[in-house]
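Just so you know, the sequence shown maps onto residues 28 to 622 in this note's numbering.
Working notes, beginning with the structure itself.
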Amino acid sequence: MQKNIRNFSIIAHIDHGKSTLADRIIQECGAVAERDLSAQMMDTMDIEQERGITIKAQSVRLNYVKDGQAYILNLIDTPGHVDFSYEVSRSLASSDGALLIIDATQGVEAQTIANVYIAMENDLEILPVVNKIDLPSADPDRVLEEVEEAIGIDCTESNLISAKTGQGVKALIDAIVDRVPSPVGDTDAPTKALIYDSWFDNYLGALALVRVYDGSIKKGQMLRMMNTKEEHQVLSLMYPHPRKPTKTDVIETGEIGIVVLGLKTVNSIAVGDTITDAKKPTAEVIDGFEPAKPFVFAGIYPIETDKFEDLRDALNKLQLNDSSISFEPESSAALGSGFRTGFLGMLHMEVIKERLEREFDLDLIATAPTVIYEILKTDGTRISIQNPSELPAPNYIDTIFEPYVKATILVPDEFLGNVIKLLNDKRAVQNKMDYIGKRVLLDYDIPMNEIVMDFYDKLKSTTKGYASFDYEPIGFRPGVLQKLDIKVAGEVVDALSIIVPENKALTKGREFIKALKELIPRQLFEVAIQASIGNNVIARETVKSTGKNVTAKCYGGDITRKRKLLEKQKAGKKRMKAIGKVNVPQEAFMAVLKI
């Protein structure tokens, strides 16, 4: 049976047709009745279908018959966006082959190159597949040439398909059966399986999606988590299916399946952990994959302060489904109690916030995103900070180290000048520049701080959407940085503090307070909004007070009476200015995110 199993992933750049091809393969294998077919069947979350992107890698088990032989195809559809490349590395760790999809009109993109390198590190058989050959502007020969030139993969055996029409899909499935190696494992050895995904089900509890490398997992068996040393009994086993998982009594060597352990808490299952038999454990763990390291940090707070515990439960459940998020409690004078949450990028942050609001019915507010900084203090100690408010006073700081990323950007040569100007504005350092046909492959080192906010949007707008971008972290380098504080009515709003390069502090401060002036509601007294570095105010705007006509009741009569009332009003406003408090509205935090 093992020699007839094929475990493979689909990898590609955004919008090159991974999910559509997954639909066609499911259709070709007859796993779903024609009346139940729908577009992007593997994208099960509402947010995925609305945005048209894959966020979670999804697995499905399919049956296929070739030349009278029955085969089992375990297909994993992966995301394309750079923020979710962690999902790709997890999926490839549990596969034996990968379909590399390239758009016949767009050719090789930055994410294509990044995903291929992950596949190569896992020693996978890579099958080049050119998709969208039904389009009038398709040029498969040029695209295959690009693949050989940019990535160095032999494309003599490649498949030309149209995932939309189904053309060439049957031949591709035959190629998968012929070229993807079957899993290698010892059926008689002790159970050894890798958890490569997990999620929470309201009826079944915490579920683990596993790939079995040696032995088998049986219903009723006692399993041990090798990382946590916890032991649990298998209550039920299932094979993943696009509509409804299929129950089974055993998951054999080389197979992929869902293990139900009846766990009520989400902390017992760790993605990347090895599970084995409790009585006869295996000697060594499986080399899983690097745990995800969050790059972007932001405070997430419930708008209703009594929802703090609900937010904690929601984050715990979501962390089981997406192990790349990290969080710890924090409190802010402006926003109350919340969590400092780590994300893989800005899109990841948006998606997590939206999922928390939708799936757990919470109203949330997010602070300005920041990255981790390392501070070398004057006494020689080194500390890490995620929140700008933790930055020590300037006289205690020797050096601030900021994280850098290695960015790969593919851009048509006509937009090269625009992109280089943008990169120079973002303090990027060039490593190399190569021409691939009419496009340029740029390799730059960029401070992470410069790309967390709006870099991707600006890159797309300066290249009319034609540039593609991928990055990976490369460590810390010293930077000339300062903390920019925003004061409203003389009080520092800690949630609006950010760390900025020294030469950009003035322009950033002016932008901030200009936006805030429009958003802070007028009070009965004048409100000063200031941007400051330490004790030095570098920019200021004033929100004028709302006027009340206190002399309206005076008709005619002595002028001294009017003057007396106006003096009284003036004194009242002065007193309110000294003791008045200003609530910063939620829109202000959103505006800071946009800046």
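All residues carry an ideal CB built from backbone N, CA and C; glycine is no exception.
Residue(s) in a DSSP beta bridge with residue i
i      : result
Phe539 : Answer is none; Phe539 lacks a bridge partner.
Gly502 : Tyr431
Leu199 : Answer is none; Leu199 lacks a bridge partner.
Arg88  : Asn101
Ala555 : Thr569
Asp512 : Ser559
Pro439 : Arg466
Glu95  : According to the sequence as given, residue 95 is Gly; it is not Glu. None; Gly95 has no bridge partner.
Ala393 : Ile327
Asp497 : Thr435
Gln194 : Ser189
Lys307 : Paired residues: none, contrary to the question.
Val519 : Lys514
Ile153 : Ala125
Asp461 : Leu468
Gly134 : Asp130
As assigned by DSSP and simplified to three states, the class of residue i
i      : result
Pro421 : helix
Asn158 : strand
Ile547 : coil
Pro167 : helix
Ala39  : strand
Leu119 : helix
Ile313 : coil
Gln596 : helix
Asp585 : coil
Thr71  : With a pLDDT of 48 at Thr71, under the threshold of 50, the modelled position of this residue cannot be trusted; read the value that follows with caution. Here Thr71 sits in coil by DSSP.
Thr490 : coil
Val527 : strand
Ala507 : As written in the sequence, residue 507 is Val, which differs from the Ala given in the question. Looking at Val507 - three-state DSSP - the assignment turns out to be coil, as it is neither helix nor strand.
Leu533 : helix
Val207 : coil
Val479 : coil
Val456 : strand
First through last residue of the alpha helix (DSSP H) which encompasses residue i
i      : result
Val446 : 443-452
Asn31  : Element bounds for Asn31: n/a, residue is neither H nor E.
Thr183 : Taken as a continuous stretch (DSSP letters only), Thr183 belongs to no alpha helix (DSSP H), as it is neither H nor E.
Thr139 : 137-148
Leu48  : 45-55
Buried/exposed call for residue i, threshold 16 Cβ in 10 Å
i      : result
Ala393 : buried
Gln133 : buried
Ala137 : buried
Arg588 : exposed
Asn576 : exposed
Tyr462 : exposed
Ile129 : buried
Asn414 : buried
Asn451 : exposed
Asp70  : Residue confidence for Asp70 is low, a pLDDT of 45 falling below 50, so the modelled location carries little weight; the figure read from the coordinates is stated next. Under this definition Asp70 is a buried residue.
Lys219 : buried
Glu545 : exposed
Asn142 : buried
Ile145 : buried
Tyr400 : buried
Gly407 : exposed
Leu371 : buried
Run of the beta strand (DSSP E) containing residue i, from where it starts to where it stops
i      : result
Asn563 : 563-570
Ser411 : 409-412
Ile129 : 124-130
Asp470 : 466-474
Lys404 : 400-404
Ile302 : 301-304
Residue i at chain B interface by Cβ criterion, 7 Å
i      : result
Ser353 : No chain B appears in the structure shown, which is made up of a single protein chain.
**Q.** Residue ranges of each beta strand (DSSP E) within the region 214-288, 3 or longer
**A.** 219-228, 232-241, 249-252, 258-260, 263-266, 273-275
Q | Every unbroken alpha helix (DSSP H) inside the region 323-390 [4 residues or more] | A | 335-348, 373-386
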